[in-house]
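There are 2 protein chains.
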Amino acid sequence: MSIEVRRRKELVIAAIEEIGVQGSLDVTVSKIAKRAGVSSALAFHYFGDKDRLFLSAMRFVLTVYATEVRKSLATADGHHARLRALIHASFTPSNFCNTAIAAWLNFYVLAQRSDEAKRLLWVYQRRLHSNLVHDLKPLTGTNAQAIAERIGGLIDGLYLRFALNPAGLNGESATALVLDALDHEIEAVT
Amino acid sequence: MSIEVRRRKELVIAAIEEIGVQGSLDVTVSKIAKRAGVSSALAFHYFGDKDRLFLSAMRFVLTVYATEVRKSLATADGHHARLRALIHASFTPSNFCNTAIAAWLNFYVLAQRSDEAKRLLWVYQRRLHSNLVHDLKPLTGTNAQAIAERIGGLIDGLYLRFALNPAGLNGESATALVLDALDHEIEAVT
DNA sequence: TTCCTGATTGACCAGTTAATCAATCACTGA
DNA sequence: TCAGTGATTGATTAACTGGTCAATCAGGAA
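The listed protein sequences derive, respectively, from chains B and E. The opening position of the first sequence corresponds to residue 1 in full-length UniProt numbering, with each subsequent residue numbered one higher. The opening position of the second sequence corresponds to residue 1 in full-length UniProt numbering, with each subsequent residue numbered one higher.
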């Protein structure tokens with residue numbers, strides 16, 4: 001891995017950690033750079049400005065999630081199993097942990113003033129939605145859209161609740177909660 | 001209404017608007033005060049510091065919501081009707097609008113570093129939960145807790161999605177979505 | 001009128017921060 | 001060996017912000 005790629009990754013991870021620890025986007029480039037063990041000037045050298053560093057951090061988090069989803073789907077067979085895999089992947093420790101979710105929450109705030117941030121979150125939501133619909137349709141027909149809307153919304157809501165109170169929820173209980181909701185939705189239309 | 005009460009309210013509303021417009025807690029006291037038509041020194045005179053102004057703004061938003069819930073419940077008769085009233089109140093225009101939700105999202109961020117902010121949001125979540133359980137129990141028995149968890153999570157998730165894309169959702173469609181989820185949950189246990 | 005109290009502000013300060021830049025440093029290919 | 005290139009930084013700056021404070025203003029009571 002070239003030095004540039006390594007430094008960029010170190011800075012991006014440091015940014016996520018700093019946002020998570022501070023619980024805010026109001027972190028200084030100096031703090032991020034110090035956490036990564038370099039000077040703030042290097043961060044500007046690689047990313048140009050603070051916002052582009054943040055956007056790279058967002059892409060990183062969403063990429064980790066996308067990888068988790070792909071991995072989980074690869075071993076699932078059948079529509080029902082794929083739906084369960086999708087939900088399970090959403091609450092994997094690599095995503096569903098303090099720092100990642102604290103950062104994720106702040107990215108929603110970033111999206112209020114950055115179109116690129118908005119676009120990235122929008123892509124994430126659309127992909128989750130279309131993944132859900134793809135496997136719901138054979139099971140629930142025309143209800144698939146609405147059910148996907150509800151399951152997707154519930155997942156995001158649980159992320160939010162975890163952000164407020166990390167002790168009150170863990171990956172397994174969250175997964176179980178959403179799986180139950182899924183079962184009830186499917187039951188209701190069959 | 002005394003001058004003090006009026007000024008405090010004007011400043012609190014200005015703070016919510018400024019947070020909403022800016023899409024961030026990173027707003028200056030001067031901007032807030034200017035929006036309220038007074039000097040920044042007056043904001044410090046009444047609230048002491050910036051954080052206490054923010055906390056007052058949070059209490060204001062949550063109070064508006066609580067009032068909406070009380071009003072809606074007053075005209076509801078029977079458990080099912082009360083549940084529908086509760087859900088309906090969550091998507092009333094006074095809450096479910098751009099500025100209120102943008103501010104509400106930022107309050108979740110504030111809660112990451114302020115225990116008092118965390119406590120306020122916690123109270124809101126508990127109250128919604130216990131309201132839901134109260135009327136779910138007669139209909140669903142021991143399933144009431146889990147169902148309330150899911151309905152509450154879904155409501156928060158829809159708030160979040162509205163924060164990202166206000167055009168993609170309105171109060172009526174959100175209400176309908178949650179009501180359907182409620183029906184399906186109740187169906188599944190009866 | 002005179003006094004008092006709370007409302008209100010302009011001016012000010014001390015501290016912070018994003019961004020810049022000239023200057024080194026480390027390494028590589030010729 | 002040496003020129004060239006990207007990595008890296010310390011120092012600096014211009015702008016901004018939370019918070020303070022002395023001073024003024026307005027209105028009511030005595």
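Heads up, the beta-carbon is just placed ideally off N, CA and C, and yes, glycines get one too.
Contact annotation, E/S72 with E/A89: C-beta distance approximately 4 Å; criterion of less than 8 Å satisfied. The Cβ atoms of B/T75 and B/G171 lie no closer than 8 Å to each other. The DSSP-derived three-state label of B/Q22 is helix.
Relative to E/K118, the option among B/G37, B/R161 and B/T175 whose CA is nearest is B/R161.
For the pair E/P166 and E/N98, the CB atoms are nearer than the 8 Å cut-off. Counting C-beta atoms within 10 angstroms of its own C-beta, E/T175 has 16 or more neighbours from the protein chains shown and is therefore classed as buried. Between B/I101 and B/Y46, the CB-CB gap reaches or exceeds 8 Å. Only A102, L105, N106, Y108, V109, A111, Q112, R113 and K118 from the segment 91-120 of chain E bring a Cβ to less than 8 Å from some Cβ of chain B.
Taking all protein chains shown into account, B/E187 has fewer than 16 neighbouring C-beta atoms within 10 Å of its C-beta and is therefore exposed. Rounded to the nearest angstrom, the Cβ distance from B/R59 to B/L120 is 7 Å, consistent with a contact under 8 Å. Taken atom to atom, the span from the alpha-carbon of B/A85 to that of B/G168 is near 23 Å.
Neighbourhood of B/R127 in chain E, by CB distance below 7 Å: empty, with the nearest CB roughly 14 Å away.
E/A33 and E/V64 have their C-alpha atoms roughly 22 Å apart. At a Cβ-Cβ threshold of 8 Å, B/I151 and B/V178 count as neighbours. Per DSSP, reduced to three states, the secondary structure at E/L169 is coil, with no helix or strand assignment. Under the DSSP assignment, E/T99 falls in the alpha helix (DSSP H) whose first and last residues are N98 to L110. Along the UniProt domain "HTH tetR-type" (5-65) of chain E, the positions whose C-beta sits under 8 Å from a C-beta of chain B are Q22, G23, S24, L25 and D26, read in chain order.
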